[in-house]
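Protein chains in written order, with our numbering: chain G, 1 to 216; chain X, 1 to 623.
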């Protein structure tokens, strides 16, 4: 595994909040970000949700980079939100500040109370409109469709990582993450994972997917 | 090869706190690891099991934490280094052994991991196990991050051998489940065979021996205090007339907060990693020149009380605060912003908390919850359904003492099959208590692994004392909640697993239960008929509901889903399935008013609902 020549410890503080639903691969995404960050000379701390929360509940993880020791991200303090599901993107608004970049999967996973008519799923367009008005950037697209296009419906995490590396917020080079994905993926899924990563990057380069974009 | 075995000394790796503990134990030459799985400690056992398949490491999933600790104690008495890992409430189960093992002591180093769970992410309480170390008189180390978890685990083995007592390594969820960089050390060769040296008048705790052993324990505690005074894990830094004393993951929050608030030159910090016994002289020297001190620790005021006692004894006039309605709570996990805010308030530093955007406020109404749910195809749901229908048909209301596992999710509507829960095994004994006081129909639910953990004595008790209730043993073939660890009753073992199978029906009969039914919950007619019979009978009855956990079965057998099901046009919208069953694959097409449908991507194909609803048919069978 080779990494770009940049092993000087980084000190820029960056707090990345990942949120999704059990089974969506948020934990692998945060782990890959953490390992790529370690290889790039950061001192990352990654915190994970395990146990009961994974039975269809919300799964949250955090990646904290730079001159910080705390693994957690307090309300209002995430610099980047990587949301694997539309409602969870909006729910994470309380983690955001005025310059936060939110990358959101526009696809929905209906919570059980909504499925049985006991609660209403807010319209995605309305949630994203409100979200865009509160944060520095909102990149939203159907990451599930990109994953299916790549041949692996479970590769939503790869799509979102690809999108993140294509923005100028993350200082970890895309090549480092790709190198890591190669070592961490089973042979059978490698091609589709790499394609999903590339389709995510492509989505981030499409200005039409940016509901709001403030210079980073 | 396990990734915990690879890598060169000096290499930096990103490890979960639990993995760092395992690596630290391996670097210390651990020869035996015992555990009962429990979040947030579960990965310790999982990794050690994998490693035991590849190396000379001995490992066992013990039936409960008391057994785990006693097996470890026997091995440590023979000179091997042993690690015993459990969640915080596990130490309650092991407490009987712990308190007197402190007297008996160890020969090989013994490290007991107690993984506490502030905020109760997956626990029934948030007790603070630091008091166990104090009560037992044992040394305790508390890491703040994975790097320290590795180092302190290694140090704890050396400390244990030096003092000849077990050492408690106390973590919290935020340490167990944080991934951070660790530096690898050397892995030593495995130890040779141990030897039990007979010293009955040192090791057999009858009163005359135990009196002497208690004297020795207090001497060891004094020695430990002397070591804590000079421990590299207890260190003071910074300048100023104010101070902070902190331990565990709170140390990270404090370090970040002081930097962010620009207080690094105004506040001295005493970071404590070796927290029992407290280094009294070090603390006295730290407190003496200060005017006020804030104690930052999650859960109970363990350090705060210790500090106040030291200050009082030495006549120090310093103000010490921590748990206070204006400062820190005894409840729940802390986070960086909270600690920053309290530090700013206590020391009068300028700080404006970030403006928060509250999603509900901006949207104008609440967001739908995402409660965890039993999986589609989960056998527990099928069992609960049969009991619900059987009681409905019999026209009787049931009372449902439950137990600890995935099936505790039966609490949530529409199942609503959980009424009373204390701890592991309590379903059976509380059922006895409830039924004798009320004469109500009591149906207790316990999982297979929990049954072996703490259910056996309760069931024997119920038989012997002629109690009257139905016990349903939900046998899904694994310890599902914590990640599918095996237990004695499992019929579907992981490939190569060395454990002996102890069938649950045989155990139940041997415990004296004469009325026993064994059903497959997915065969609805038979399971319903058996449930009705069992409900109608008197005395202690046991119904074992056997079908594998869907997740575990898929993982072990690689079996793919077969048929999927759909709702046909005849559906008359009775909503029985939503009101009594609540499979996550079932949904209403347009919310409240819509037509009932089954999501083919979520349906597990378990074919249970088709057995009681004529309007659900295999997909593709025509409408």
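Beta carbons are placed, not taken as given, at the ideal position from N, Cα and C, and that holds for glycine.
With 16 or more other Cβ atoms inside 10 Å of its own Cβ, residue 434 of chain X counts as buried. Cβ proximity to chain G below 7 Å picks out 39 and 40 from the segment 38 to 49 of chain X.
Shown in chain order are the members of the segment 98 to 124 of chain G whose Cβ falls below 9 Å from a Cβ of chain X: 98, 109, 110, 111, 112, 113, 114, 115, 116, 117, 118, 119, 120, 121 and 122. At the C-beta level, residue 86 of chain G and residue 135 of chain G stay beyond 9 Å of one another. The criterion of a C-beta distance shorter than 9 Å is not satisfied by residue 441 of chain X and residue 472 of chain X.
DSSP, read as helix, strand or coil, puts residue 97 of chain G in strand. If one requires a minimum length of 4 residues, the alpha helix (DSSP H) runs lying completely within the segment 96 to 157 of chain G are 112 to 115, 124 to 134 and 143 to 149, in chain order.
Annotation: Cβ neighbours of residue 359 of chain X in chain G (cutoff 7 Å, chain order): 90, 91, 93 and 94.
Chain order gives the chain G residues near residue 373 of chain X as 55, 56, 57 and 112, where near means a beta carbon separation below 9 Å.
Here DSSP, grouped into helix, strand and coil, assigns residue 323 of chain X to strand.
Three or more Cβ pairs closer than 8 Å define a contact, and the segment 384 to 395 of chain X falls short of that threshold against the segment 351 to 367 of chain X. Distances from the alpha-carbon of residue 183 of chain G to those of X:611, X:374, X:3 and X:487 put X:3 closest. Take the alpha-carbon of residue 156 of chain X and the one of residue 70 of chain G: they are about 24 Å apart. Inclusion of residue 93 of chain G and residue 65 of chain G in the CB contact set at 9 Å is not warranted, their separation being larger than that value. Around the C-beta of residue 491 of chain X, fewer than 16 other C-beta atoms lie within 10 Å, and the residue is accordingly described as exposed. For a Cβ distance threshold of 8 Å, residue set 357 and 362 of chain X lies close to residue 134 of chain G, ordered along the chain. Inclusion of residue 35 of chain X and residue 122 of chain X in the CB contact set at 9 Å is not warranted, their separation being larger than that value. Within chain X, the C-beta atoms nearer than 8 Å to that of residue 76 of chain G come from 337, 353, 354, 355, 356 and 357, in chain order. When Cβ pairs closer than 8 Å are counted between the two stretches, the segment 194 to 207 of chain G is seen to touch the segment 158 to 176 of chain G, the count reaching three or more. About 12 Å separates the beta carbons of residue 295 of chain X and residue 248 of chain X, which is beyond the 8 Å limit, so they are not a contact pair. Within the same chain, no residue comes within 6 Å of residue 331 of chain X by CB-CB distance, once the 5 residues on both sides are set aside. Residue contact with chain X for residue 176 of chain G: absent (no Cβ-Cβ distance below 9 Å to any residue of chain X).
At least one CB atom of chain G sits nearer than 9 Å to the CB of residue 122 of chain X. Against chain G, a Cβ distance below 7 Å from residue 177 of chain X picks out 47, 48 and 50. The three-state reading of DSSP puts residue 589 of chain X in strand, counting E and B together.
Around the CB of residue 168 of chain G, fewer than 16 other CB atoms lie within 10 Å, so the residue is classed as exposed.
By a beta-carbon distance limit of 8 Å, residue 469 of chain X contacts residue 444 of chain X. Their separation comes to about 6 Å. Of all alpha-carbon atoms in X:413, X:424 and X:394, the one lying nearest the alpha-carbon of residue 404 of chain X is that of X:424. At least 9 Å separates the CB of residue 149 of chain G from every CB of chain X. Annotated as proximal: residue 144 of chain X and residue 271 of chain X, with beta-carbon spacing under 9 Å. With fewer than 16 other CB atoms across the displayed protein chains lying within 10 angstroms of its CB, residue 593 of chain X is exposed.
Cβ proximity to chain G below 8 Å picks out 174, 177, 178, 179, 180 and 181 from the segment 163 to 188 of chain X.
The straight-line gap separating the alpha-carbon atoms of residue 113 of chain G and residue 583 of chain X is approximately 12 Å. Taking a contact to require three or more Cβ pairs closer than 8 Å, the segment 221 to 241 of chain X and the segment 41 to 49 of chain G do not qualify as touching.
One Cα belongs to residue 392 of chain X, the other to residue 580 of chain X, and the distance between them is close to 11 Å. For the options X:153, X:320, X:82 and X:147, the alpha carbon positioned closest to that of residue 178 of chain X is the one of X:147.
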